[in-house]
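One structure below.
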Amino acid sequence: MLNTISIPQLSSSKNVTQNTSKAVAFKVLNYWFALPIEAVLRIIICPPLDAPLKDCLGLVEWDRQTITVIDLAQKLQDGESEFETAETSSHRFLILTQTQSAELCGFLSNSSPILLDIPLENIRSISASYRQVADLSVISKMAILPQQESEKVLKILLLGNWN
41 MLNTISIPQL SSSKNVTQNT SKAVAFKVLN YWFALPIEAV LRIIICPPLD APLKDCLGLV
101 EWDRQTITVI DLAQKLQDGE SEFETAETSS HRFLILTQTQ SAELCGFLSN SSPILLDIPL
161 ENIRSISASY RQVADLSVIS KMAILPQQES EKVLKILLLG NWN
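The opening residue of the sequence shown carries number 41 in our numbering; numbering runs sequentially from there.
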């Protein structure tokens, strides 16, 4: 199911004068991911999972709604999750969005999401072969951001539509 999740493209958050796009970024393991700000419905403390995650997916109940939970950490670690126990629930966040069929889903993160402006010139396409090998077709592009006090760059995998 992870490969069939497609984040809808809503109104553009691109800042025409500065040529940037606003995004909500979150860290999973040693990877950074981002969603366009307009695709994020809400960020909440993750409620307890109804059952252990299976194939990177789980379910939670929130505000009288059932939310599909996507565990990118489990996907990246070949089936091992860092979100298995209820004891860690107060320390994890759920970034809520919708699929193209308007189903509510959320990405798990152990750290607080951040808001950032991504320069459009720093966004690169990711090859289809890379996405197939990594089995993460929901990732379409990558932002490469230089760090101010270092020669290193921050690579952020972009989820959803970044047109």
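For glycine and all other residues, C-beta sits at the position ideal for the given N, C-alpha and C. For clarity, every value in this text was computed on a predicted model and none was experimentally measured.
Reference residue i; option with closest CA among the options
i: Gln138; options: Leu199, Ala79, Tyr71, Asn201; result: Ala79
i: Thr60; options: Lys181, Asn70, Arg132, Ile158; result: Ile158
i: Pro186; options: Leu194, Glu143, Ile179; result: Leu194
i: Arg132; options: Asn70, Tyr71, Ile85; result: Ile85
In DSSP terms, what residue i is bridged to
i: Trp202; result: Answer is none; Trp202 lacks a bridge partner.
i: Cys145; result: Thr108, Thr137
i: Ile158; result: Ser61
i: Ser165; result: Lys181
i: Pro92; result: Its beta-bridge partners do not exist; DSSP assigns none.
i: Leu69; result: In DSSP, Leu69 forms no bridge with anything.
i: Leu197; result: Phe73, Met182
i: Arg82; result: Leu136
i: Leu99; result: Thr108
CB of residue i within 7 Å of CB of residue j, strictly
i: Lys115; j: Cys96; result: yes
i: Leu199; j: Phe66; result: no
i: Leu81; j: Val64; result: no
i: Asp111; j: Leu148; result: yes
i: Lys62; j: Ile77; result: yes
Alpha-carbon to alpha-carbon, residue j and residue i
i: Val68; j: Ser151; result: 8 Å
i: Trp202; j: Leu99; result: 27 Å
i: Ile154; j: Ile83; result: 10 Å
i: Ala183; j: Ser169; result: 18 Å
i: Ala113; j: Ser141; result: 24 Å
i: Lys192; j: Leu156; result: 18 Å
i: Gln117; j: Glu189; result: 31 Å
i: Lys181; j: Leu197; result: 6 Å
i: Ile135; j: Leu160; result: 23 Å
i: Val178; j: Glu143; result: 15 Å
i: Ile45; j: Ile107; result: Note that Ile45 scores a pLDDT of 48, beneath 50, so its modelled location is shaky; the value from the coordinates is reported in the next line. Rounded to the nearest angstrom, the two C-alpha atoms are 13 Å apart.
i: Ala126; j: Val109; result: Bear in mind that the predicted position of Ala126 carries a pLDDT of just 45, short of 50, making it too unreliable to give a figure here.
inquiry  = Count Cβ pairs between the segment 158-165 and the segment 101-110 that sit closer than 8 Å; are there 3 or more?
reply    = no
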